[in-house]
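**Student:** Numbering (the numbering used here), first residue to last: 1 to 468.
Cβ atoms here follow ideal geometry from the backbone N, Cα and C, with glycine treated the same way.
None of these values were measured; they are calculated from a predicted model.
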Amino acid sequence: MHGALSGTRFFGVSMLDIQLLRTHPDHVARLLATRNYVFPLTEFGELEAERKNIQTYTEELQARRNAASRQIGNAKSRGEDASSILAEVAQLGDELRQAENQLQQTQTALQHILLQIPNLPHSSVPEGKSEADNREVRRWGTPRSFDFTVRDHVSIGESLGLLDLPTATKLSGARFSLMTGGLARLHRALAQFMLDVHTQEHGYTEAYVPYLINADSLRGTGQLPKFKDDLFEIPRKKMGMVESLPRNEGHAPLSSNPRCEYEDDDLYLIPTAEVPLTNIVRDRIVALESLPLKFTAHTPCFRSEAGSYGRDTRGMIRQHQFEKVELVQIVHPQQSYKALEELTGHAETILRKLGLPYRVMTLCTADMGFAATKTYDIEVWLPEQNTYREISSCSNCEAFQARRMQARFRNEKGKPELLHTLNGSGLAVGRTLVAILENFQNSDGSVSIPEVLRDYMGGLGRLTAQTE
RNA sequence: GGAGAGAUGGCCGAGUGGUCGAAGGCGCUCCCCUGCUAAGGGAGUAUAGGCUCAAAAAGCUUAUCGAGGGUUCGAAUCCCUCUCUCUCCGCCA
């Protein structure tokens, strides 16, 4: 019927608990401010009041119409004359239609606000203004000291003849890589190794997932509608001319659909496997006993990185295409912070096994991603840059994504309840490769291969210029 | 790509304009009965939103039968568009 008015659809895509927003808007605004997000309190308040009025009025009219229609049905089934009720209810039509349109407009306006709001930070997250306020939690490993001049991964890879960035640029453009021989194999070995550790030691279920994904899924995890520019969009070819025919015969304009401005048939290249893995539970009510769900997948990731031109332009640190082994957990709300610690530990395990020094940072309120309530970044030591660089980001999203996805479980009372979702890189493969090249470089230009990877490398102990 | 058939609650499945949020069955929950088990009897069993309310409880109400739109006083049912599933043909790794 009038689906756009349906509460389920409408509030299903809001990100914060709408009740919380209504009852404690000031509190929410204060928390959001710590994320450098200015919540339009006044506008929200006004729209909310308007919504309340119109919705009450609309539903009242609907109730009257429904009652009248029922009477008509009754009368007719008894063979009585219903024309007086019919005439009475006929007047309702215009009024109702108008009210419904108004309600829809208000809902849409409200929706625009709601869709932009990031998640609220957890109380344990340090307040801060920039990444400078992130807090170090722990450090592992000691950066090696070199008795020769350290080189960066580009220089190492190119002099080995295994990394060819100019050719990648010829093939595709800036921010793509071409690796060959032992380096390509090392890259593959890393992904295999990570997957094996997570499936065999950490209890994750390996998944093979689509790399092209729809708008519903991206909305579910929070990439849409706000971060559309960061995505590669694949338009569906519709060659037929049929499309030029009018699609809607009714009066309702297309734009009255609150979702349509970013809803389309197009597919998008996944920016991370978090999207397909987390969306596994979208529109599902899972059994309590099945929790926690733990998935891992090795996938390419595609990012247009529209906002970061000029950062990390050299080398493989920031690419349009890179590989990642992703960890996703779908958990009981009471378990999610414990799960965050575990998941972060799972990612750390990879670095420990590889022997790469790292530190763990708690991101401050200003530096967290859109969907997260709390995030640990794991930063690996890069000797040439003489600093730690992000190699993994592990987040608890609490019910933020679950609310958008309508991902629920049946709780102890048998009632549906929103799940909590977590994700983290375990790890970014390209950056791990960079870290290996730089940390394990030798004075003769070769690179030692970490012990745990040698089985995956056919026993090879080091990459040399001759490495095939 | 061509031709056809479908999409209903946790599951199966009925329902072609009115009292249908939806028969019946299965499952599940509670109660009764039986010494235990099995069988049997009874009751209940969708989700989301809004309003009243300090809150809870409760009450009233709206929406939802793949999605969106239309017709109608009234749509699971009629019309249009889309998505997905199945069968056959073609093509293909």
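Can you list, in chain order, the residues of its chain whose CB lies under 7 Å from that of residue 57, leaving out five sequence neighbours each side?
**Tutor:** Locating residue 57 in the first sequence gives position 57, where the first residue counts as 1. Answer for residue 57: 99, listed in chain order.
**Student:** In the structure shown, what three-state DSSP assignment does residue 294 receive?
**Tutor:** What you label residue 294 is simply residue 294 of the first sequence in a count that begins at 1. Note: residue 294 maps to strand in three-state DSSP.
**Student:** Tell me, please, whether the stretch 285-294 touches the stretch 217-237 by the rule of three or more beta-carbon pairs shorter than 8 Å.
**Tutor:** No, the stretch 285-294 is not in contact with the stretch 217-237.
**Student:** If distances are taken between C-alpha atoms only, which option among 29, 97, 287 and 40 comes closest to residue 413?
**Tutor:** Working through the first sequence from its first residue, we reach residue 413 at position 413. Cα-wise, what sits closest to residue 413 is 287.
**Student:** Starting from the Cα of residue 281, find the closest Cα among 54, 417 and 60 and give me that residue.
**Tutor:** Reading the first sequence from its first residue, position 281 is the one you call residue 281. Answer by Cα proximity: 417.
**Student:** To the nearest angstrom, how far is the alpha carbon of residue 419 from that of residue 409?
**Tutor:** As a first step, residue 419 must be located in the first sequence, where it is residue number 419. As a first step, residue 409 must be located in the first sequence, where it is residue number 409. Going by the C-alpha atoms only, they are around 6 Å apart.
**Student:** Beta-carbon within less than 6 Å of residue 29's beta-carbon, same chain only, minus the 5 sequence neighbours each way: which residues are those?
**Tutor:** Within the first sequence, numbered from 1, the residue matching residue 29 stands at position 29. 39 and 41.
**Student:** Report the three-state DSSP secondary structure of residue 322 (helix, strand or coil).
**Tutor:** Looking up residue 322 in the first sequence gives position 322. Residue 322 falls in the strand class under three-state DSSP.
**Student:** What residues are listed by DSSP as bridge partners for residue 423?
**Tutor:** For this step, residue 423 is matched to residue 423 along the first sequence. In the DSSP output, where bridge partners are listed per residue, residue 423 has 328 and 395.
**Student:** Examine the Cβ distances between the stretch 388-399 and the stretch 160-169 and report whether three or more of them are shorter than 8 Å.
**Tutor:** No contact exists between the stretch 388-399 and the stretch 160-169.
**Student:** Is the beta carbon of residue 175 less than 8 Å from the beta carbon of residue 284?
**Tutor:** To locate residue 175, count along the first sequence from 1; it is residue 175. To locate residue 284, count along the first sequence from 1; it is residue 284. No, the pair does not count as a contact, with Cβ atoms beyond the cut-off.
**Student:** What residue from 333, 138 and 421 has the CA that sits closest to residue 411's CA?
**Tutor:** Numbered from 1 along the first sequence, position 411 holds the residue referred to as residue 411. Of the candidates 333, 138 and 421, the one whose C-alpha sits nearest the C-alpha of residue 411 is 333.
**Student:** Could you pull out every residue in the same chain whose Cβ sits closer than 8 Å to the Cβ of residue 68, ignoring the five residues on either side in sequence?
**Tutor:** Numbered from 1 along the first sequence, position 68 holds the residue referred to as residue 68. If we look at residue 68 and ignore the five residues flanking it on each side, its Cβ neighbours are 85, 88, 89 and 92.
**Student:** From 447, 359, 276 and 226, pick the residue whose C-alpha is nearest to that of residue 423; which is it?
**Tutor:** Sequence index remark: in the first sequence, residue 423 carries index 423 (1-based). It is 276.
**Student:** So the beta strand (DSSP E) residue 379 belongs to, where does it begin and stop?
**Tutor:** The count along the first sequence starts at 1 and reaches residue 379 at position 379. That run of the beta strand (DSSP E) goes 374-382.
**Student:** Tell me whether residue 121 is buried or exposed, calling it buried when 16 or more other Cβ atoms sit within 10 Å of its Cβ.
**Tutor:** Numbered from its first residue, the first sequence carries residue 121 at position 121. Result: buried.
**Student:** Under 8 Å by Cβ, that's how I've got residue 178 and residue 189 pegged, so tell me the actual separation to the nearest angstrom.
**Tutor:** Taking the first residue of the first sequence as position 1, residue 178 is located at position 178. Taking the first residue of the first sequence as position 1, residue 189 is located at position 189. With 8 Å as the limit, residue 178 and residue 189 do not qualify as a contact, their Cβ atoms being about 18 Å apart.
**Student:** Would a C-beta distance cut-off of 8 Å place residue 484 and residue 144 closer than the cut-off?
**Tutor:** Nothing can be reported for residue 484, as the shown portion of the chain is limited to 1 through 468.
**Student:** Could you tell me whether the stretch 95-113 touches the stretch 363-379, using the rule of 3 or more Cβ pairs below 8 Å?
**Tutor:** Result no; under three Cβ-Cβ pairs closer than 8 Å.
**Student:** Assign residue 379 to one of two classes, buried (16 or more other C-beta atoms within 10 Å of its C-beta) or exposed (fewer than that).
**Tutor:** Along the first sequence, one-based indexing puts residue 379 at 379. Residue 379 should be labelled buried.
**Student:** For the alpha helix (DSSP H) containing residue 224, name the first residue and the last one.
**Tutor:** The residue given as residue 224 occupies position 224 in the first sequence. First-last for residue 224: undefined, no H or E at that position.
**Student:** Do residue 328 and residue 384 have their beta-carbon atoms positioned less than 8 Å apart in this structure?
**Tutor:** One-based indexing of the first sequence puts residue 384 at position 384. One-based indexing of the first sequence puts residue 328 at position 328. The answer is no: Cβ separation not under 8 Å.
**Student:** So, at 6 Å on beta carbons, what are the nonlocal neighbours of residue 148 in its own chain, with the 5 sequence-adjacent residues on each side left out?
**Tutor:** Within the first sequence, residue 148 is the residue found at index 148, counting from 1. For residue 148, where only same-chain residues beyond five positions count, the Cβ hits under 6 Å are 443.
**Student:** Can you tell me where the alpha helix (DSSP H) holding residue 23 begins and where it ends?
**Tutor:** Position 23 of the first sequence, counting from 1, holds the residue named residue 23. Unbroken alpha helix (DSSP H) run through residue 23: 18-23.
**Student:** Compare the C-alpha of residue 305 against each of 232, 48 and 458 and name the closest.
**Tutor:** Here residue 305 corresponds to residue number 305 of the first sequence, with the count starting at 1. It is 232.
**Student:** For residue 339, does the count of other Cβ atoms within 10 angstroms reach 16, so buried, or fall short, so exposed?
**Tutor:** Stepping through the first sequence from its first residue, residue 339 is reached at position 339. Under this definition residue 339 is a buried residue.
**Student:** DSSP puts residue 361 in a beta bridge; with which residues?
**Tutor:** On the first sequence, position 361 is the one that residue 361 refers to. Its beta-bridge partners are 136 and 377.
**Student:** Compute the Euclidean distance between the alpha carbons of residue 102 and residue 79, then round it to the nearest angstrom.
**Tutor:** Within the first sequence, numbered from 1, the residue matching residue 102 stands at position 102. Within the first sequence, numbered from 1, the residue matching residue 79 stands at position 79. For residue 102 and residue 79, the distance between alpha carbons rounds to 38 Å.
**Student:** May I ask you to check if the CB of residue 456 is nearer than 7 Å to at least one heavy atom of the ligand NAD?
**Tutor:** Of ligands this structure carries none, so the ligand NAD is not represented either.
**Student:** Output the residue ranges of the beta strand (DSSP E) runs that lie fully inside the stretch 84-172 and measure 3 residues or longer, sorted by chain position.
**Tutor:** Listed in chain order, the complete beta strand (DSSP E) runs (minimum 3 residues) inside the stretch 84-172 are 135-140.
**Student:** Counting Cβ pairs, one atom from each stretch, are 3 or more of them under 8 Å apart for the stretch 347-359 and the stretch 125-133?
**Tutor:** Result no; under three Cβ-Cβ pairs closer than 8 Å.
**Student:** Once DSSP output is grouped into helix, strand and coil, what is the label at residue 448?
**Tutor:** The residue you call residue 448 lines up with position 448 of the first sequence. It is a strand residue.
**Student:** Around the Cβ of residue 325, are there at least 16 other Cβ atoms within 10 angstroms (buried) or fewer (exposed)?
**Tutor:** Counted from its first residue, the first sequence places residue 325 at position 325. Buried is the call here.
**Student:** Using the three-state DSSP reduction, which class does residue 179 fall into: helix, strand or coil?
**Tutor:** As a first step, residue 179 is located in the first sequence; it is residue number 179 there, counting from the start. If DSSP states are grouped into helix, strand and coil, residue 179 belongs with the strands.
**Student:** How big is the Cα-Cα spacing for residue 313 and residue 265?
**Tutor:** Counting from one through the first sequence, the residue named residue 313 turns up at place 313. Counting from one through the first sequence, the residue named residue 265 turns up at place 265. Taking the straight line joining both Cα atoms gives about 33 Å.
**Student:** In whole angstroms, what separates the C-alpha of residue 463 from that of residue 182?
**Tutor:** For the purposes of this step, residue 463 is identified with residue 463 of the first sequence, where counting begins at 1. For the purposes of this step, residue 182 is identified with residue 182 of the first sequence, where counting begins at 1. When rounded, the distance between both Cα atoms is 6 Å.
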